[in-house]
Every structure is written in structure tokens, then in C-alpha cells.
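Inspection log for the structure reproduced underneath, given as C-alpha cells.
There are 2 protein chains.
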Amino acid sequence: MDTPADVFRGITDRFAGVTVDGREEKVDKGSFQDKLKKSLDFWTTNKNRAIWFRVYQEQADWVPVLAENGFDFHHARTGVVTMYRWLPENESNNLPNFAHTLMGVGGLVINEKNEVLVVSDRYAMIPNSWKLPGGYVEPRENLIDAAIREVDEETGIRTEFRSVVSLRHAHGGTFGCSDLYVVIALKPLNLDFKRCEREIARLQWMPIAEYLEHPQVHQTNRQFVTTFLDYEKRGLTITCRDDVHQVLKKKYSLYYVEREQQQQQQNDQENS
Amino acid sequence: MDTPADVFRGITDRFAGVTVDGREEKVDKGSFQDKLKKSLDFWTTNKNRAIWFRVYQEQADWVPVLAENGFDFHHARTGVVTMYRWLPENESNNLPNFAHTLMGVGGLVINEKNEVLVVSDRYAMIPNSWKLPGGYVEPRENLIDAAIREVDEETGIRTEFRSVVSLRHAHGGTFGCSDLYVVIALKPLNLDFKRCEREIARLQWMPIAEYLEHPQVHQTNRQFVTTFLDYEKRGLTITCRDDVHQVLKKKYSLYYVEREQQQQQQNDQENS
Chain A
1 MDTPADVFRG ITDRFAGVTV DGREEKVDKG SFQDKLKKSL DFWTTNKNRA IWFRVYQEQA
61 DWVPVLAENG FDFHHARTGV VTMYRWLPEN ESNNLPNFAH TLMGVGGLVI NEKNEVLVVS
121 DRYAMIPNSW KLPGGYVEPR ENLIDAAIRE VDEETGIRTE FRSVVSLRHA HGGTFGCSDL
181 YVVIALKPLN LDFKRCEREI ARLQWMPIAE YLEHPQVHQT NRQFVTTFLD YEKRGLTITC
241 RDDVHQVLKK KYSLYYVERE QQQQQQNDQE NS
Chain B
1 MDTPADVFRG ITDRFAGVTV DGREEKVDKG SFQDKLKKSL DFWTTNKNRA IWFRVYQEQA
61 DWVPVLAENG FDFHHARTGV VTMYRWLPEN ESNNLPNFAH TLMGVGGLVI NEKNEVLVVS
121 DRYAMIPNSW KLPGGYVEPR ENLIDAAIRE VDEETGIRTE FRSVVSLRHA HGGTFGCSDL
181 YVVIALKPLN LDFKRCEREI ARLQWMPIAE YLEHPQVHQT NRQFVTTFLD YEKRGLTITC
241 RDDVHQVLKK KYSLYYVERE QQQQQQNDQE NS
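As you go down the protein sequences, you meet chains A and B in turn.
Anchor point for the first sequence: position 167 equals 167 in UniProt numbering, and the numbering is continuous, going up by one each time.
Anchor point for the second sequence: position 89 equals 89 in UniProt numbering, and the numbering is continuous, going up by one each time.
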């Protein structure tokens with residue numbers, strides 16, 4: 001069905017939903033409410049399902065009009081809020097939730113003298129505690145890149161990847177989100193600090209033995225180190241391989257315990 | 001400093017930010033703008049930093065007033081949008097982004113006949129492709145619980161945990177979010193299907209050998225199976241242990257490669 005001129009064009013998705021982007025459509029001053037009502041009639045007749053509106057900060061006066069017409073909030077980021085209305089009356093709404101998990105990374109950096117790089121945050125949840133340098137993953141950032149960036153920003157230590165160590169998952173954190181914290185072992189490429197004064201109160205290289213007994217190092221942080229030491233002893237690496245989906249041509253990063261290729265090659269040589 | 005009566009009370013955080021919850025504060029009809037301006041003056045004098053407003057759907061007419069007063073969107077969920085304004089003029093805004101990662105799980109269910117449980121989604125990205133049953137993690141849900149729930153909902157197969165297998169991380173997915181997909185190996189407790197007709201077009205137990213060669217099984221999905229078979233051969237398990245933080249008394253789930261305890265115990269016995 002062709003879209004009439006006085007109706008929002010929108011973009012239709014594979015679930016028969018329509019997304020209207022506020023910056024892609026022209027609305028004469030004062031005629032938003034009228035165009036919205038005509039559009040809702042059209043979409044209802046057309047059996048569309050979810051209707052989505054991306055409303056930009058400069059169009060904030062659309063928000064109460066959409067709310068009066070049965071739209072609710074779905075998600076937002078700086079500059080834009082997305083509102084939705086589920087049209088079908090004989091089918092329940094099974095729209096996915098927006099993201100509710102904050103991704104964080106910690107860098108487990110151990111030098112050749114068996115010392116761990118530890119920091120004490122300026123705005124720490126537990127004042128004076130020692131923890132691994134790290135922070136939030138940026139939008140579209142890979143986990144290893146995020147860990148390397150955060151360690152560099154907070155401490156001035158440049159690093160390279162060794163192994164993923166552990167995931168920690170918890171609920172009820174900042175903004176009501178869950179929190180997935182990925183600990184990544186990194187090899188330092190320099191040893192001299194350059195402390196980020198805004199975020200970090202103190203930092204040091206702490207001998208592993210001291211770290212494992214330190215009253216200001218909490219149990220979970222200790223466990224990350226003992227877990228990594230166990231992997232080292234056993235020759236285990238949780239690696240990352242980048243790949244491209246055959247059909248979707250989309251990039252992926254895959255994380256898994258690396259195969260025993262070197263081990264296998266040695267065995268093959270001994271047996272041949 | 002005490003909060004005057006004509007100023008929003010709000011709740012102050014450890015970063016000198018203030019959060020105003022629209023359902024916790026009384027505003028007389030038509031006086032929102034006036035109270036907001038007085039509050040902004042007060043917070044500026046008081047050297048507060050980020051100001052947050054949680055605005056509920058029924059208060060949608062606050063949104064354009066907040067926007068005119070320098071507030072922008074930060075995040076939203078059904079029923080409520082959160083807007084913010086950064087007050088300090090001599091300090092850049094370093095507020096964290098909201099969550100931008102959708103968490104999904106896939107269940108790798110292999111039965112005693114070495115067959116994999118596979119499904120073909122009704123609204124598949126690639127029509128007719130076979131994939132692992134799974135879906136999005138619900139708010140506050142643990143990853144293993146999510147995999148067990150999704151497998152049960154989609155196929156009627158009840159399962160128990162064996163091992164985490166792999167993570168797949170990709171960018172630019174639904175709602176512009178990144179996507180973290182966690183594959184979890186599960187042991188089936190029953191074998192008879194009960195297909196979810198709404199979501200699943202077809203399902204079957206597929207012999208592993210066929211799965212690894214099947215043209216409608218894509219490479220990444222094949223790799224999850226070969227990775228798990230490698231773990232099985234090597235006796236590796238990526239396990240989950242629930243823990244409570246010593247100080248914060250907060251629950252965590254930790255994921256890591258399980259220690260070789262049984263192996264170790266056997267060695268100790270042999271050496272004693």
C-alpha cells in the first residue's frame with residue numbers, strides 16, 4: 001500500500017513495524033498532532049504492528065503529544081528518545097527490551113617481577129580499596145581494546161593481550177542495569193606510570209604474594225589473579241578471534257579456550 | 001545546605017549529582033517550570049554537578065520544559081525517561097553512557113546419541129537456517145538461567161548446565177546496540193519437543209556430523225560445536241560460581257575455567 005502524502009513515511013521492518021525518524025520527515029509547525037492521527041489510522045488499516053518514533057532533543061514538544069496518543073518510552077541516548085506504540089489488539093506485545101547490561105573491563109597486568117598493577121579510584125565504592133585498572137566499554141568497542149585503553153588512560157601503562165580470565169555478572173548496578181565485568185590479562189610494554197589524576201587516587205605495582213593477602217584487596221579481585229595463575233600453569237588461554245559472518249558479512253569477535261595446537265603439533269612430531 | 005521548600009528535594013549521590021524522581025516529588029499543576037528554574041539556581045549555588053530527572057509517561061509534558069532548560073535525554077524504559085543536565089561550566093562532562101549491549105544466550109544441547117538440538121526461527125535473519133535455540137537475557141536474569149529458560153520455551157526440552165562454550169561480540173545490531181551472545185552447553189533431561197509456534201518454524205535433533213557439514217548451518221554456529229567437543233576431549237569446563245561480595249554484600253556470578261581439582265586429587269593420591 002502506498003503511503004499517502006499526509007502520513008509519516010517511516011521505514012517498515014521485517015516484523016511489519018514502522019520506524020519514523022524525526023530528522024528524516026518534514027512536519028509543518030503545529031501540524032504534528034494532525035499528521036500523527038492520520039498516520040495511526042493508516043497504519044492500523046495497513047495492519048502494521050509496532051510503531052517507533054525517534055524524537056530528537058529539539059523536537060521534545062512531540063513527546064507529550066505521542067504520550068497522549070498511546071506511545072510510551074522505549075530507550076534513549078544523548079540527543080534522542082525512542083517511543084513506541086504496539087498496534088495489534090488481538091496479539092500481545094513481544095517487543096524486546098532495550099539493553100540493560102553495562103559492560104565493563106578490568107586489566108590484569110602482571111610484570112616480569114610478578115607484580116600486579118593496582119589502582120585506588122578517586123570515587124571508589126569502597127574507599128582506599130585496591131582494584132584492577134579498568135572501566136566501561138565504549139559503544140562499538142571491542143573488549144580487549146577497551147581493557148588496553150582503560151589501563152593506558154588510568155595508569156599510562158601500554159599493554160598487549162594475553163588471555164581473557166573471567167566474567168563477573170551482577171544485577172542492580174548503576175542506572176538500575178546489570179553489570180558484566182570482563183577481566184583480561186595483559187602484558188605491560190612499559191613500567192613507568194602516568195596517573196590519571198581525575199579518576200585515580202593512587203596506583204602501584206604490588207607483588208602478587210602481597211596482593212593475595214592484602215586486607216584492602218577484596219576476594220573477587222584476588223580470585224581473578226589465582227584463576228589466571230592457574231591458566232598459566234596449565235597453559236590455558238581464552239583467546240579472541242575476529243571473524244566475518246559468511247552470509248550477513250558482519251564482523252564478529254569470538255572468545256573461547258584456544259586449541260592445544262602447539263601441544264598437538266609437539267605430540268605429532270614425537271609420534272612420527 | 002538545606003533544600004528550600006520551593007526546590008525539588010532530589011537525592012544526592014557520591015559524585016555531587018542530584019536525582020529527581022517524578023513520582024517522589026509534588027508539583028502543583030502549571031508550576032513545574034517555575035520550580036525547575038528555582039531548583040537550577042539552588043543547585044548551581046550549591047555546586048551540584050549532574051542533575052537527573054526521571055520523568056514518567058503521565059508527566060510527558062515535563063519533557064519539553066526540561067529540554068528548553070538545557071536538559072537532554074540519557075536513557076529510557078517503558079514508562080519512564082531519564083533526562084540530565086551537566087551543571088559545572090569549568091569541568092567537562094564525564095558521565096557514563098547507558099547500557100549499549102544486548103545480552104543473548106544460545107543453548108548447545110547435545111543428547112546421548114550425539115545429536116544437537118537445532119531450530120529455525122519464524123522471523124529469521126537468514127530464512128531456513130538452522131541455529132541453536134536461544135534469545136535475549138531478561139533484566140536481572142543470570143546467563144545460565146536464561147539459556148535453560150529459552151531452550152525450554154522454544155523447544156519444550158528441559159536441561160541442566162554443563163559448560164559455557166564461547167562468547168560472540170558484534171556491533172551495530174538491534175536498536176543500534178552491540179550484541180554479546182553467550183553459548184552455553186546444556187544436558188537434556190527429556191527428548192520430546194513442544195515447539196513454540198509463535199517463534200519457531202521448525203526444530204529437530206540433528207546428528208553432529210550432519211550439523212558440521214550442513215549448508216544451512218553457518219560457520220560460527222559450527223565453531224561453537226567444535227569448540228565444545230574440544231573442551232569435552234580435554235576435560236575443560238567453563239563453570240559458574242555464585243559469590244557474595246565481602247563488603248558490599250552484593251551477589252555475583254563468576255565464570256572461569258574450572259580448576260583441575262579432581263585431576264589434582266588423583267595426582268595427590270598417587271604421590272602419597
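Even for Gly, the Cβ is constructed at its ideal location relative to N, Cα and C.
All values derive from a computational prediction rather than experimental measurement.
Using a Cβ-Cβ distance cut-off of 8 Å, determine whether residue i contacts chain A.
| i | result |
| --- | --- |
| G70(B) | no |
| I148(B) | no |
| V27(B) | no |
| D61(B) | yes |
| R49(B) | no |
| Q57(B) | yes |
| T12(B) | no |
| A67(B) | yes |
| P64(B) | yes |
| F15(B) | yes |
| S166(B) | yes |
| E89(B) | no |
| R54(B) | no |
How long is the line joining the alpha carbons of residue i and residue j, rounded to whole angstroms?
| i | j | result |
| --- | --- | --- |
| L36(B) | R23(A) | 28 Å |
| S39(B) | F224(B) | 55 Å |
| W52(A) | Y136(B) | 20 Å |
| V257(A) | E232(A) | 13 Å |
| K253(B) | H245(B) | Reading off the sequence, residue 253(B) comes out as Ser, not Lys. Approximately 10 Å, taken between the alpha carbons. |
| E138(B) | V81(A) | 22 Å |
| K47(B) | L167(A) | 38 Å |
| D2(B) | A67(A) | 35 Å |
| T45(A) | L87(A) | 10 Å |
| residue 298(B) | D61(A) | Given that chain B is displayed from residue 1 to residue 272, the structure contains no residue 298(B) and the question cannot be resolved. |
| N97(B) | R77(A) | 8 Å |
| I238(B) | D6(A) | 57 Å |
| V118(A) | L203(A) | 6 Å |
| G30(B) | V183(A) | 51 Å |
| I144(B) | E25(A) | 43 Å |
| T174(B) | M125(B) | 12 Å |
| V247(B) | Y255(B) | 21 Å |
| V105(A) | Q33(A) | 45 Å |
| Q261(A) | R241(A) | 15 Å |
| R54(B) | P127(A) | 29 Å |
| A99(B) | A99(A) | 6 Å |
| L236(B) | L236(A) | 10 Å |
| V20(A) | M83(A) | 10 Å |
Do residue i and residue j have their C-beta atoms within less than 8 Å of each other?
| i | j | result |
| --- | --- | --- |
| C196(A) | T101(A) | no |
| R154(B) | K187(B) | The sequence shown places Glu at residue 154(B), rather than the Arg named in the question. The answer is no: Cβ separation not under 8 Å. |
| G156(B) | G134(B) | no |
| K249(B) | A170(A) | no |
| R85(B) | F73(B) | no |
| A185(B) | R162(B) | yes |
| D121(B) | I200(B) | yes |
Would you please verify whether the beta carbon of residue i is less than 8 Å from any beta carbon of chain B?
| i | result |
| --- | --- |
| C196(A) | no |
| E154(A) | no |
| V81(A) | yes |
| H214(A) | no |
| A185(A) | no |
| R77(A) | yes |
| V18(A) | no |
| K250(A) | yes |
Grab me the residues of residue i's own chain with a C-beta within less than 7 Å of its C-beta, minus the 5 sequence neighbours each way, in chain order.
| i | result |
| --- | --- |
| V27(B) | K35 |
| N111(B) | P188, L191, W205 |
| T227(A) | V165, S166 |
| T12(B) | V18 |
| G10(A) | V18, T19, V20 |
Can you list, in chain order, the residues of its chain whose CB lies under 8 Å from that of residue i, leaving out five sequence neighbours each side?
| i | result |
| --- | --- |
| R222(B) | Y211, L212 |
| E141(B) | R149 |
| E115(A) | W205, M206, P207, I208 |
| R49(B) | F15, A16, G17, W86, L87, P88, E91 |
CB-CB under 6 Å to residue i, same chain, minus the five flanking residues each way: which ones, in chain order?
| i | result |
| --- | --- |
| V217(A) | W130, Y211 |
| Q57(B) | G79 |
| F42(A) | V7 |
| N93(A) | W86 |
Hey, does residue i have any beta-carbon neighbour from chain C nearer than 8 Å?
| i | result |
| --- | --- |
| E24(B) | You won't find chain C in this structure, because its protein chains are A and B. |
| said: For the stretch 233 to 247 of chain A, list every residue whose C-beta sits within 8 Å of some C-beta in chain B, in sequence order. | reply: R234, L236, I238, D243, H245, Q246, V247
| For the stretch 107 to 133 of chain B, which residues have a CB atom closer than 7 Å to at least one CB atom of chain A, in sequence order? | Y123, M125, I126
| said: Taking beta-carbon pairs under 9 Å, can you tell me which members of the stretch 200 to 224 of chain B lie near chain A? | reply: Going along the stretch 200 to 224 of chain B in chain order, one finds H218, Q219, T220, Q223, F224 with a Cβ nearer than 9 Å to chain A.
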